[in-house]
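Enquirer:
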């Protein structure tokens, strides 16, 4: 783990899995995984709404971009044509968007718990030709700042959101 930073933007990433840690000012911690895959220009943007503690009332929304429509959206064991998944408990979900050319982007999205840190992972860009040019952005949407982000590679950012 490196020195914490103040933004959730991580650029020039190679393909692979990144462990992301977000700390808020009250010591609450969210740990999740971000995946940057090699391949097409297809991108996946996600957002989530937190669940109440012990309830299945959270949701997440997936949006495919820069690929060939129509898109298919999947989370762990389930497909939704609209990309909107409701009635979810808090936790980490494996998500995939697939375009009409069968190109796909896979990652993980966290449905947080109300009153804890919650984030969106957006602008997920895959690497091309083995280069370290993948990226994603982590945006904190709830919790008590300032926040600290870590992708498990020593690249850490802080946020005063």
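Residue numbers (this note's numbering): 1303 to 1463. The beta carbon of each residue, even a glycine, is placed where N, CA and C say it ideally should be. Only a predicted model underlies this, so the values are computations on that prediction, with no experimental measurement involved.
(1) Just grab the DSSP bridge partners of residue 1351 for me.
(2) In angstroms, rounded to a whole number, what distance separates the CA positions of residue 1450 and residue 1380?
(3) Taking residue 1355 and residue 1415 to be in contact with their CB atoms under 8 Å, please state how far apart those CB atoms are, rounded to whole angstroms.
(4) For the pair the region 1395-1408 and the region 1364-1381, tell me if three or more CB-CB distances fall below 8 Å.
(5) For residue 1373, collect the residues of the same chain with a Cβ closer than 6 Å to its Cβ; drop the 5 residues on either side in sequence, then sort them by chain order.
(6) Between the Cα of residue 1424 and those of 1347, 1408, 1452, 1326, spot the shortest distance and give me the residue it belongs to.
(7) Could you give the DSSP three-state label for residue 1463: helix, strand or coil?
Expert: Per the coordinate set shown:
(1) Answer is 1361, bridged to residue 1351.
(2) Residue 1450 and residue 1380: Cα-Cα distance of roughly 32 Å.
(3) Contact between residue 1355 and residue 1415 holds: their C-beta atoms lie close to 6 Å from each other, under 8 Å.
(4) Taking a contact to require three or more Cβ pairs closer than 8 Å, the region 1395-1408 and the region 1364-1381 qualify as touching.
(5) These residues qualify, in order along the chain: 1366, 1399, 1401.
(6) Restricting attention to 1347, 1408, 1452, 1326, the CA atom closest to the CA of residue 1424 is found in 1347.
(7) Because residue 1463 carries a pLDDT of 32, less than 50, the predicted location of this residue cannot be relied on, and the following value inherits that uncertainty. Residue 1463: coil per DSSP, three-state reduction.
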